[in-house]
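For the sequence shown, my numbering gives the first residue as 6, with consecutive numbering after it.
Yeah, the Cβ is synthetic: ideal placement off N, Cα and C, and Gly gets one too.
Keep in mind the model is a prediction, meaning the values are calculated, not measured.
Written out below as structure tokens is the structure these notes cover.
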Amino acid sequence: MFFWGYAQAQFVVNGSARQTDNNCWTLTTEQLNLVGSIWNTRKIDLRESFDVSIDVFAGCRDATGADGLVFGFQPISTSIGGNAEGLGFDGVSPSIGFEIDTWQNTRKNDPSSDHIAIIKNGNLDHGTSNTLAGPYSLPNIEDCRFHDMQVNWNAPQKKLEVYWDCKLILTHEIDLVNEIFRGDPFVFGVSQLLRAVRSTINGFA
């Protein structure tokens, strides 16, 4: 689920995603091979700094919970990317994404642990240069608890920071406007894929 303080008309909804009340969205249910996403149609300007935080609930089933989610930014489309190991974000380009992965996909050079990474252009293969920072290994996050993820963009310094449970875990300096998006404005949202059990996102600020 996903809380967002705007009206439904400002979202494009894809796949299995559904609105459950005014500020809450369920991206996937506890069924196999589902993928869902919502994109906010309001564009933001990367020349300005921002902070975004979400509360992530990745379920309680460590052995069977999959696959994870990507909180992403992209300018072209409000469609959905590839499912399963693609986390609903595979092939979305140009883009910048913040991957929260709870399943090891060896074809993507994933570590065995749950992990976070900053990726570009919808490529989740950590053996390529499209992984800009990470993957950072986490303890098991399918632990029936909410975890806070915060993404900070410092526009003057051209610097990204990712915090997990109030701890700074990833940083990367990049000219997003010119190196990734060629100066274009972009829409923003989240995508999620699950293969075995539901992962939940509560709270967006």
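Asked: Taking contact to mean at least 3 C-beta pairs separated by less than 8 Å, is the segment 38 to 45 in contact with the segment 152 to 162?; Found: no
Asked: Which residue spans inside the segment 35 to 73 form an unbroken beta strand (DSSP E) run of at least 3?; Found: 39 to 49, 55 to 62
Asked: Just checking my contact of Thr-111 with Ile-124 at CB under 8 Å: how many whole Å lie between their CB atoms?; Found: Not really, about 17 Å apart at Cβ, beyond 8 Å.
Asked: Does the segment 131 to 145 come close enough to the segment 45 to 59 to have 3 or more Cβ pairs within less than 8 Å?; Found: no
Asked: Would Asp-189 and Pro-116 qualify as a contact pair, given that the criterion is a beta-carbon distance under 9 Å?; Found: no
Asked: DSSP on Met-6, reduced to helix/strand/coil?; Found: Unreliable placement is indicated for Met-6, whose pLDDT of 42 sits below 50; no coordinate value is reported for it.
Asked: Please report the Cβ distance between Glu-147 and Asp-72, rounded to the nearest whole angstrom; I am assuming they are in contact, meaning their Cβ atoms lie under 8 Å.; Found: Not quite, the Cβ-Cβ distance comes to about 11 Å (not below 8 Å), so this is no contact.
Asked: Taking the straight line between their C-alpha atoms, what separation do you get for Ser-142 and Glu-104?; Found: 12 Å
Asked: Can you tell me whether Leu-181 is helix, strand or coil according to DSSP?; Found: helix
Asked: Along the chain, where does the beta strand (DSSP E) containing Asp-153 start, and where does it finish?; Found: 151 to 159
Asked: With DSSP collapsed to three states, give me the class of Arg-23.; Found: strand
Asked: Indicate the three-state DSSP secondary structure (helix, strand or coil) for Lys-163 in the structure shown.; Found: coil
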